[in-house]
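Participant:
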Amino acid sequence: MGRYDFERLLASKVKRRSLLVGAGTLTGLAIASQWSSHVVARPRLSDYPFQLGVASGDPLPDGVILWTRLAPNPLSGGGMPQRNVSVRWEIATDENMRHVVKVGTAIATPELAHSVHVDVRGLQSAREYFYQFKVGSEYSPIGRTKTAPAYGDRVNYLNFAFCTCQKWEDGYYSAYRRMAEEELDLVFHLGDYIYEYGISPTGGARNVVLPTAYQQETTTLEQYRLRYALYKTDPDLQKAHALFPFVVTWDDHEVDNDYTDAISEENDPVKQFLQRRAAAYRAYYEHQPLRHFSLPNGPNMRLYRRLSFGDLARFSILDTRQYRSNQPCGDGETPRCEAALDPAKTMTGWQQERWLLEGLERSQTRWNVIAQQVLMAELDHKIGAGKIFWNDSWDGYPLARQRILDRIVSRKVSNPVVITGDWHSTFVNDIKLNYNNPKSPTVATEFVTPSLTSNGDAQVYGPYYGPMIPENPHIKFFDGDRRGYFRVNLNHKRWRTDLRIVTTVSRPDAPIYTFASFIVENGRPGVQRA
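First residue of the sequence shown? That's 1 in UniProt numbering, and the numbers climb one at a time after it.
1. How about residue 85 and residue 133: are their beta carbons less than 7 Å apart?
2. Please report the distance separating the alpha-carbon of residue 165 from that of residue 516.
3. Let me confirm a value: residue 532 is counted as buried when at least 16 other C-beta atoms fall within 10 Å, else exposed. Which label applies?
4. Round the Cβ separation of residue 128 and residue 144 to the nearest angstrom and send it over; I've been treating them as touching at under 8 Å.
5. Might you give, ordered along the chain, the residues of its own chain that have their beta carbon closer than 8 Å to the beta carbon of residue 352, omitting 5 neighbours on each side?
6. Report all residues from its chain with a CB closer than 7 Å to the CB of residue 294; omit the five preceding and five following residues, and keep chain order.
7. Would the C-beta of residue 131 count as close to the ligand NAD, meaning under 6 Å from any of its heavy atoms?
8. Can you tell me whether residue 424 is buried or exposed, with buried defined as 16 or more other CB within 10 angstroms of its CB?
9. Could you give the residue range of the beta strand (DSSP E) that holds residue 241?
10. If we call anything under 7 Å between Cβ atoms a contact, is residue 446 one with residue 418?
11. Quick check: what's the CA-CA separation for residue 44 versus residue 51?
12. Which ranges would you report for the alpha helix (DSSP H) in the stretch 442-503 if only whole runs of at least 4 residues count?
13. Within the same chain, show all residues whose beta-carbon is closer than 6 Å to that of residue 5, passing over the 5 residues directly before and after it, in chain order.
14. Cα-Cα, which of 255, 396 and 119 is closest to residue 343?
15. Report yes or no: do three or more beta-carbon pairs, one from the stretch 206-226 and one from the stretch 276-284, lie closer than 8 Å?
16. Helix, strand or coil for residue 192 per DSSP?
17. Curious, which full-length beta strand (DSSP E) runs of at least 3 residues does the stretch 347-410 contain?
18. Helix, strand or coil: how does DSSP classify residue 271 here?
19. To the nearest angstrom, how far is the alpha carbon of residue 511 from that of residue 430?
20. Please name the residue in 56, 267, 422 and 75 whose C-alpha comes closest to that of residue 67.
21. For residue 22, count neighbouring Cβ atoms within 10 angstroms of its own Cβ and tell me buried if that reaches 16, exposed if not.
22. Looking only at its chain, what residues have a beta carbon closer than 7 Å to the beta carbon of residue 157, apart from the 5 residues adjacent to it on each side?
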């Protein structure tokens, strides 16, 4: 993607010339909610409506999703009238929005918090585009996006980042500020986009006085909407979204810590928890650049999906929360119990597991990436004889993990790599076919990115996990207490991961450095230090 004055993306109000659209101009496809009618209002807005910025996501060879939410008063419920509002959108080939190629209208409805999800199709593949929204006389910031290469086309390289765990009150999004300086084709967010816990009245590390509503744990739709609005007012988060298409999936904190399917952390009544889950899923959809097939139906929402980038890479994006079996050996750390060896236990649900396995074996791309939430490699927590595992990870579901690894081997899946979030720590792992045999072959590589802010600058996981690492020789690199994201440069010969680390999250302008780099070579499972 080319460079230009990115500060324009953060302008609070953008005024420009009127666009004249003659007969026969190109049209686009706007997806409105299932509740919307054709009755729309000319809005009378109390303030600038695009205070949560703009975003794009899930690039295809011929299209991309564009997102915004109208919220003139974002931290007090949005501030929009309880009516449908017409939102004009345009997509152009230049940063000044002079060469418009698609234009249309979407309907922002109160049922979806006046969010807009526009599924633009008919675009050229592997092409940079710029987009903007308009409501009334107000223009949004200009966003930038890029379509994917055509299926099967030769793709020489791909640059992307992946990140996770951005607890707002634990620090500033300096990592997003530095990410915005990178040359990236897209960004993967692997979960914990928000945290459901109540926030200190002083705003934690940010030292911002917050309304009382933010001091309570999120359980209702209104509370989840407020939490997303708070996060999305951050200028560095907005900047990253405006510059790169995002591919998002969730983990647990978008709903409730360590939940599994319909079971909450505190074992709330199932009906009560499913009402909470429905609220959380709806707010998640309202605030992310997702296609219409992800529109929630009560407590159910289809999030797993697949994206391909020519002949170079295919990404399977997983949901390891909504469908998983209850943790067979219970919560926390335990020895592996007999129930964990029940083949009926699943991390992804049977339908998603079949979808994943079939997609892997049919793939014709050079690299096959599983984008998911929790640690897939084994991590023995016990120092000395015996083993203890953290049951919220794939270690709690060893046969589900084994089914994936067996299929990778039996179908000779090309260059499998797992990218993972959740752990607030850095792990670089060789994934073994059989963890009970130290000489077992390596079948894949896993990169676990640290948090963006969660745990702040505290030294927590280094002292905790550090002594365990010698018990796990397949873990090739570990660091417990740095914050940042991973950057990947991918071509047909090798995968390179750079660990991009900010010096602190206590200030928004913290510098960044490359802490370490790792290479995976085509046709050679396992990781090497660059």
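Ideal placement from N, C-alpha and C gives every residue a C-beta, glycine not left out.
None of the values given here were measured: they were computed from a predicted structure.
Facilitator: Put simply:
1. For the 7 Å CB-CB criterion, residue 85 and residue 133 do not form a contact.
2. The straight-line gap from Cα to Cα measures roughly 20 Å.
3. Coverage of the chain is limited to positions 1 through 530, which leaves residue 532 absent and any answer about it impossible.
4. About 7 Å separates the two Cβ atoms, so the contact holds.
5. Correct list, in chain order: 304, 318, 319 and 323.
6. Non-local C-beta neighbours of residue 294 in its own chain, meaning closer than 7 Å and more than five positions away in sequence, comprise 285, 301, 302 and 303, ordered along the chain.
7. In the structure on display, the ligand NAD does not appear, and there are no ligands present to speak of.
8. By the Cβ neighbour-count rule, residue 424 is buried, with 16 or more other Cβ atoms within 10 Å of its own.
9. In this chain, residue 241 is not harboured by any beta strand (DSSP E); it is covered by the alpha helix (DSSP H) spanning 235-243.
10. The answer is yes: Cβ separation under 7 Å.
11. Approximately 16 Å, taken between the alpha carbons.
12. Entirely contained in the stretch 442-503, the alpha helix (DSSP H) runs reaching 4 residues are, in chain order, 461-465.
13. Low per-residue confidence applies at residue 5: pLDDT is 41, beneath 50, and the placement is therefore not dependable, though the value from the model is reported in the following sentence. If we look at residue 5 and ignore the five residues flanking it on each side, it has no Cβ neighbours.
14. Per the Cα distances, 396.
15. Result yes; three or more Cβ-Cβ pairs closer than 8 Å.
16. Here residue 192 sits in coil by DSSP.
17. Here the runs fully enclosed are 367-372.
18. Three-state DSSP puts residue 271 in a helix.
19. C-alpha separation (whole angstroms): 30 Å.
20. Measuring from the Cα of residue 67, the nearest candidate turns out to be 56.
21. Because the pLDDT of residue 22 is 26, which lies under 50, any placement of that residue in the model is unreliable, and the number read from its coordinates should be weighed accordingly. Exposed.
22. Same-chain partners within the cutoff: 489, 490 and 491.
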